[in-house]
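Enquirer:
Protein chains: 2
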Amino acid sequence: MLNNYNTEDKIIAAVDCIIFGFDQKGLKILLIKRDFEPEKGKWSLIGGFLKKSETFDNAAIRILNRLTGFINIYMEQLYTFSKVDRDPVERTISVAYYALINIEEHNEELIEKYSAKWFYVSKIPQLIFDHNEMFERAIKRLRRRASTKPIGFGLLPEKFTMLQLQKLYEAILDKKLDKRNFINKINSLDILIKLDEKDMNSSRKGSFLYKFDQKKYEKKLLDDFTFKL
Amino acid sequence: MLNNYNTEDKIIAAVDCIIFGFDQKGLKILLIKRDFEPEKGKWSLIGGFLKKSETFDNAAIRILNRLTGFINIYMEQLYTFSKVDRDPVERTISVAYYALINIEEHNEELIEKYSAKWFYVSKIPQLIFDHNEMFERAIKRLRRRASTKPIGFGLLPEKFTMLQLQKLYEAILDKKLDKRNFINKINSLDILIKLDEKDMNSSRKGSFLYKFDQKKYEKKLLDDFTFKL
DNA sequence: TAATTTAAGTGTTAAAATCACATTTACAAA
DNA sequence: TTTGTAAATGTGATTTTAACACTTAAATTA
């Protein structure tokens, strides 16, 4: 005899995404002005509801894609939030994800269509529901993760300078780093490709561009290598 | 006008607990023989369903308490599993938690009542649904967490010897540690209280017992102290 | 009560990683 | 060709980690 769980409560499950981006001035997240009640007009994370036929990962990708147009970005499940009254309309649980995107490549039109806006992480407004809590957890996780896995590269353009990379890590880790020590450390990891090209925007001398060497990194992983910054 | 989410899918939400314990021979988890279909008779994590009126944390505590009688133990949300067909009966998502308990104090009767059994982590049988995957994720998390937070103490009796503590960390981290280096390291953290008592079971000389000094640890935390093992 | 047995307790040294720090170089613009 | 600007580069001091073996305390037994 199959038990059919008939007596169990059913609830609505949502997904919310903390989308990180990075520009010269620092780390940001993408927020939207909520266009429906409750809390219409307030700032909110990007979210949506789970369909019966998909996983939370699927839902997160679907939702992120709808807003940004991106299809292949770093995304990780963060935590599941379930305070009973977190959504005033109805009992809803929400699985939060965080994503890292290259801010230069996002789709302007979509951003506009959804009245989305980038906010520096030091200036996040009050958000609906428990979204501030979600953000706090996300940035904590990002800080830990970025110092043990090379996920940060997802926030940069494909080609970047050492200084950009350093500024990125300074933004993520929220502390100043020493230039020489940083470069020495990165070089010792030996997971970047130094290109012949230079970025001539920042100085007369120009600074060399680098790429992250995904293949080399994966090969090293097999050899018990750990990224540690 | 309040949107009421009427058109959204509703699903059943479950909680599953990976319960860690520790004895002289190593790290273990508590499993039960499932007494209802589907998969009746197979080994499974301890689980239950989320009620509309509780959070996942509440549900996890309730479920754990029903089985072990414990009320105040280290427990942490791990990950949310949502493969569409993970439960063959019905679409169900499950939030996994892991808990650390002092194996000596658990309630024998309850264990028997639920046909529960301890399994060494190196000898976990095939479990129902995606429970093996849950276990793998739990032990990975435990390993990381135990080396940055002093959670391991939850697995030991209140008073313990240095050797017990070392064996515990060897079991968690799954590697041999050097006795002198381990003691030096622990002592340098300065978060244990050395008692006047000795444990005379293990040797003629007897070995001193220690307690974890929660208050001192918390005070140090304020001072930007990090546990690192 | 002296000798034996057993695990507990204890420090030092070498190697590696981290940290602090200042000058030279390449290039464009004037 | 001189000047201005940011990029590029290396060394020594300090701290942390890792390897390693003998002495001590106490119960047991001869």
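Taken in sequence, the protein lines are chains A and B.
Using this note's numbering, the first residue of the first sequence is number 109, and each one after it goes up by one.
Using this note's numbering, the first residue of the second sequence is number 109, and each one after it goes up by one.
Glycine included, every Cβ here is placed at the ideal spot set by N, Cα and C.
Would you report the Cα separation of residue 301 of chain A and residue 163 of chain A, rounded to the nearest angstrom?
Expert: 36 angstroms
Enquirer: Applying a beta-carbon distance threshold of less than 8 angstroms, which residues of chain B neighbour residue 112 of chain A?
Expert: 197 and 198
Enquirer: Would you identify the three-state DSSP class for residue 109 of chain B, choosing helix, strand or coil?
Expert: Confidence at residue 109 of chain B is low in this model, with a pLDDT of 48, below 50, so the placement of that residue should be treated as unreliable; the coordinate-derived value is given next. Coil.
Enquirer: Can you find a C-beta in chain A that's less than 7 angstroms from the C-beta of residue 157 of chain B?
Expert: Closer than 7 angstroms: yes.
Enquirer: What residue does the beta strand (DSSP E) around residue 185 of chain B start on, and which one ends it?
Expert: 182–189
Enquirer: Can you tell me which of B:272, B:234, B:284 and B:165 puts its alpha carbon nearest to the alpha carbon of residue 108 of chain B?
Expert: It is not possible to answer for residue 108 of chain B, since the shown part of chain B is limited to 109 through 337.
Enquirer: Using alpha carbons as the reference points, say which of A:226, A:206 and A:205 lies closest to residue 215 of chain A.
Expert: A:226
Enquirer: Shorter than 7 angstroms from the beta carbon of residue 119 of chain B to some beta carbon of chain A?
Expert: Interface annotation, residue 119 of chain B: in contact with chain A, CB-CB separation under 7 angstroms.
Enquirer: Would you mind listing the beta strand (DSSP E) stretches within the segment 123–192 of chain A that are 3+ residues and don't spill past its ends, in chain order?
Expert: 134–141, 154–157 and 182–189
Enquirer: Nearest to residue 208 of chain A by CA position, among A:112, A:152 and A:136, is which residue?
Expert: A:136
Enquirer: Helix, strand or coil: how does DSSP classify residue 243 of chain A here?
Expert: Residue state, collapsed to three classes: helix.
Enquirer: Would you mind sorting residue 334 of chain A into buried or exposed? The rule is 16 or more other CB atoms within 10 Å of its CB.
Expert: exposed
Enquirer: Locate the beta strand (DSSP E) running through residue 333 of chain A, then write down its first and last residues.
Expert: Where residue 333 of chain A is concerned, there is no enclosing beta strand (DSSP E), because DSSP gives it neither an H nor an E.
Enquirer: Any residues in the segment 172–193 of chain A with a beta carbon nearer than 8 angstroms to a beta carbon of chain B? Which ones, in chain order?
Expert: 185, 187, 188, 190, 191 and 192
Enquirer: Taking DSSP as the reference, what is the three-state secondary structure of residue 230 of chain A?
Expert: helix
Enquirer: In this structure, does DSSP put residue 345 of chain A in helix, strand or coil?
Expert: Here chain A covers residues 109 to 337 and nothing more, so residue 345 of chain A does not appear.
Enquirer: Determine the extent of the beta strand (DSSP E) in which residue 278 of chain A is found, giving its start and end residues.
Expert: Looking at the DSSP string, residue 278 of chain A is not in any beta strand (DSSP E); the run it does join, the alpha helix (DSSP H), is 270–281.
Enquirer: Quick check on residue 144 of chain B: buried or exposed, where buried means 16 or more other Cβ atoms within 10 Å of its Cβ?
Expert: Under the 10 Å beta carbon count, residue 144 of chain B is surrounded by fewer than 16 other beta carbons and is classified as exposed.
Enquirer: Compare the C-beta of residue 163 of chain B with all C-beta atoms of chain A and state if any pair is closer than 7 angstroms.
Expert: Residue-level contact check: residue 163 of chain B touches chain A, since one or more beta carbons of chain A fall below 7 angstroms from its beta carbon.
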